[in-house]
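Line by line, the protein sequences give chains A and B.
Residues 42 to 149 (the working numbering) are what the first sequence spells out, left to right.
Residues 1046 to 1691 (the working numbering) are what the second sequence spells out, left to right.
For each residue, glycine too, the CB sits at the ideal point set by N, CA and C.
Note that the structure is a prediction, hence the values are computed from the model and not measured.
Some notes on the structure that comes next.
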Amino acid sequence: MAETDHPTGGEPPKGPPGDHMISESKFKKYWRANLNLMGVLLAIWFIVSYGFGILFRDVLDNFSIGGAPLGFWFAQQGAIYVFVILIFVYSAMMHRIEQKFDVDDDEG
Amino acid sequence: MEATVLGLPSTLFWTAFFVIGTFGLYIGIAVWARAASTDDFYVAGHDVHPVFNGMATAADWMSAASFLSMAGIVAFSGYDGSVYLMGWTGGYVLLALLLAPYLRKFGKFTVPDFVGDRYYSQAARIVAVICALFISFTYIAGQMRGVGIAFSNFLGVDITIGVIIGAIIVLFYAVLGGMKGITYTQVAQYCVLIFAYTVPAIFLSLSITGTPLPQLGFIGNTADGTPLLVDLDRTLSELGFASYLDGQKSMIDVFAITVALMVGTAGLPHVIIRFFTVPKASDARKSAGWALVFIALLYTTAPAVAVFARSNFIETVNESVYSEEVARGDARASAMGEDATPQWFYNWENTGLLEFTDKNGDGRIQYRADPETNEMTRLDRDIFVLANPEIGGLPGWVIGLVVAGGLAAALSTAAGLLMVISSAVSHDLCRKVLFKNMSDTQELLVARLAAVGAVLVAIYAGINPPGFVAAVVAFAFGLAAASFFPVIFLGIFWKRMNKEGAIAGMLIGLSITAAYIVHFKIGFSSVVLGVVALIIGIVLLIMHFGLKEQGDTRAMLIGSIVFGLIFLGGVFGVLPDFAIGTANQWFLGVSPEGFGAIGMVISFAVSIIVSLATKAPPEDVQNMVEEIRLPSKAAHVSHPGAAPAE
């Protein structure tokens, strides 16, 4: 993603002091970055639960983790661990995206 | 003989001790966290720390069924139980990524608030209120029933009295503290319930697999070195039971149920409103993460407990020698030799959760799949959690703790639901639709009265559970998946989504899903048709009063009277009785529990088609959607000139 900012000019900032305007193109880039990140994480979300745990579990069950068939393990344990990780990864990466586009809520 | 404390059997003493002690704690917290304003009452003043909100969400989320029955459900259904494990956790990913931060930025009190404002429509708001009320009432009736059963089994009081005691406790802190009181009580309840769940599980894991972590014990080996899961699977098939690792449900049904539960979780109003309580949008994401951490602690322990408990049950109870002497309490099982039925079995037999009939008269307990030879005539699934402390050899007070944990789970969920009902009535229905010039003080009073009214209905439903309570999972999650999730998701991610699309999508998704569930779970009898007519009649009546000033709504009034008459006809049996549907008629082989997934797809399709066929939403609404997408309150999108619609 390019870091360039497109000042669209025209309108001065409105609202209470401390408010700032961001251009429409910058907003679109920010949103696109968010959607891309979301898409990747939701794909992982789908693969570990619906993929590993349901659709392809027979294939995965040929392997095992400890004493459990792998597909069965994903359906009852693994998917849940990945879900937790996904949310914290999203939270951290999204914060970086927001800071980059100056739309974070660190100041409220 | 059983040990006694202060003249009571020790288990009963410790149960009463923990139940009364924790109830006192909840009341104390409620007094400390009294709500003074509508902000406090509905959203705990928007200043709950994300980790605390995570704990509160976890307690809110995990009901008596999660606490007491989840391990048992998985123990009896094996792989099929995965739908609940994945379905009730995966929805938090959807919440954190797709809904929670944006709804928090939107910054109002309730889900109908969002629907009404985003779709600039009172009709959409009213439909959302009705959905929220219906989902929450179904759910709360089941919780109250759970509270009553826990009381009657463990403290020897009547179910009715148990329901009333539980309801009064919830009422006390919900009316006094609103969301603020509920939040901090739920934090305490989470601590009680997770401690009560994991401690016995750790000891059970140690005694069966030699490792203290249940999650590792799950993939561990038995004493002779074979993997525990493989061993259980083999033993079960020898006794004629279905395979533990394979499951009975078809793949498409497993898939559909998991979708319905995940999406339904993300669309449940009592879960969503928890994310209104944190200070800002980024905290809503973090909070969803913490909530899932706290939920996962229980949800990854449950399948391990399931394997331990069922293996242990077969190992120690099947073919064991049953002694009448021990059953009468004249002797201890430990004095009966190697093959004797363990002591805990006799203790739980007294509660009626276990029942043994010696069909072949050999004095031993045969546990089989075949109902002809099976001698375990009753084996309640909750026993797999309740008996764990004794199986793990823990002292009597741990059982008391487990009962207190089960009650904490039921009460915290009931309180969260009560909040949705109370805010839907006072804020969405009264303030926003019927009496627009109410003051904050009046609204707060109505909210408290609505909570009292809701508790009275919940008490009644807990004592005389209506038939649909048994179908609570299908109803609550299916309807949330087919109504709230699509309308909120599209409201955030598609600026072009308009009010026509929202109303059509919600109504069609909701009615098709509800009809499918009723047809296969309850059946459209004359009375059921009458009740459906009554609900439609009430909706039309509210629409009439709520939309009066926007145009002529006499047709709605007439409609509501007609449906009222149909209701009377249904109750008196004038309407036809349709037979209940059977499993071989399922659409694509999808069970009623999984139909929410199909309802959701229909709702999405209808919303998008109708939106595209009608005119785009006004520009200020489209700008509002952009604002919702920006976490910062200070950043705004500049629109030089008139921005064209997307």
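- Among the CB atoms of chain B, one or more fall inside 9 Å of the CB of Phe129 of chain A.
- Under DSSP, the beta-bridge partners assigned to Ile106 of chain A are A:Ala109.
- When Cβ-Cβ separations below 9 Å define contact, Val1478 of chain B makes no contact with chain A.
- Proximity of Asn77 of chain A to chain B, defined by a Cβ-Cβ separation below 9 Å, is not satisfied.
- Of all residues in the segment 1113-1127 of chain B, the ones placed with a Cβ closer than 8 Å to any Cβ belonging to chain A are Val1119, Tyr1124, Gly1126 and Ser1127, in chain order.
- Taken through DSSP and simplified to helix, strand or coil, Val1366 of chain B comes out as strand.
- Straight across, the Cα-Cα distance linking Arg1493 of chain B with Thr1458 of chain B is about 18 Å.
- Runs of beta strand (DSSP E) with 3 or more residues, each lying fully within the segment 1385-1468 of chain B, are found at 1399-1401 and 1421-1424, listed in chain order.
- Taking 7 Å as the upper bound on Cβ-Cβ separation, chain B lies near residues Gly59, Asp60, His61, Met62, Ile63, Ser64, Glu65 and Phe68 of the segment 58-71 of chain A.
- Residue pairing by DSSP places Met1645 of chain B opposite no residue, since no beta bridge is assigned to it.
- Ala1089 of chain B sits away from Asp1473 of chain B, with the two beta carbons spaced by 9 Å or more.
- Annotation for Lys1404 of chain B: Glu1420 place their beta carbon closer than 6 Å to its own, counting only its chain and skipping 5 residues before and after.
- The Cβ atoms of Val1304 of chain B and Trp86 of chain A do not sit closer than 9 Å to each other.
- Here Arg1413 of chain B is near Leu1284 of chain B, since their CB atoms are less than 9 Å apart.
- Distance from the Cα of Phe1640 of chain B is smallest, within the candidate group B:Phe1522, B:Gly1132 and B:Val1096, for B:Phe1522.
- Contacts with chain A at 9 Å (Cβ-Cβ) do not include Ala1268 of chain B.
- Residue-level contact by beta carbon fails for Phe104 of chain A and chain B, as no gap is shorter than 9 Å.
- Under a criterion of Cβ atoms nearer than 8 Å, the residues of chain B adjacent to Phe124 of chain A are, in order, Thr1134, Gly1135, Tyr1137, Val1138, Leu1337 and Ala1341.
- Going by C-alpha positions, Val1338 of chain B is about 44 Å away from Leu1586 of chain B.
- Arg1409 of chain B and Glu1360 of chain B have their C-alpha atoms spaced approximately 13 Å apart.
- Looking from the CA of Gln1188 of chain B, the closest CA among B:Glu1394, B:Ile1209 and B:Ser1082 belongs to B:Ile1209.
- Residues of chain B with a Cβ closer than 8 Å to the Cβ of Val144 of chain A are, in chain order, Leu1675, Pro1676, Ser1677 and Ala1680.
- Against chain B, a Cβ distance below 7 Å from Gly108 of chain A picks out Ile1264, Gly1265, Asn1266, Pro1272, Leu1273, Leu1274 and Val1275.
- In this chain, the alpha helix (DSSP H) harbouring Ala1120 of chain B covers Met1115 to Ser1122.
- The segment 1339-1353 of chain B and the segment 1237-1249 of chain B touch, with no fewer than 3 CB-CB distances between them shorter than 8 Å.
- For the segment 1398-1417 of chain B, the beta-carbon criterion of a distance under 7 Å to any beta-carbon of chain A is satisfied by none of its residues.
- Against Met134 of chain A, chain B offers no close residue; the least beta-carbon distance is about 11 Å (beta-carbon pairs closer than 8 Å).
- Under the DSSP assignment, Met62 of chain A falls in the beta strand (DSSP E) whose first and last residues are His61 to Ile63.
- Not a single C-beta of chain B is nearer than 9 Å to the C-beta of Ile88 of chain A.
- Beta-bridge partners of Pro1054 of chain B (DSSP): B:Thr1049.
- Taking all protein chains shown into account, Met1542 of chain B has 16 or more neighbouring C-beta atoms within 10 Å of its C-beta and is therefore buried.
- Using a CB distance cut-off of 9 Å, Ala84 of chain A does not count as an interface residue toward chain B.
- Around the CB of Ala1432 of chain B, 16 or more other CB atoms lie within 10 Å, so the residue is classed as buried.
- In this structure, Val1465 of chain B lies near His1315 of chain B, with their beta-carbon atoms less than 9 Å apart.
- Judged by beta-carbon spacing, Asp1162 of chain B lies beyond the 9 Å limit of Pro1324 of chain B, meaning their Cβ atoms are not closer than that value.
- Taking 9 Å as the cut-off, the beta carbon of Lys1477 of chain B is found closer than this to the beta carbon of Arg1170 of chain B.
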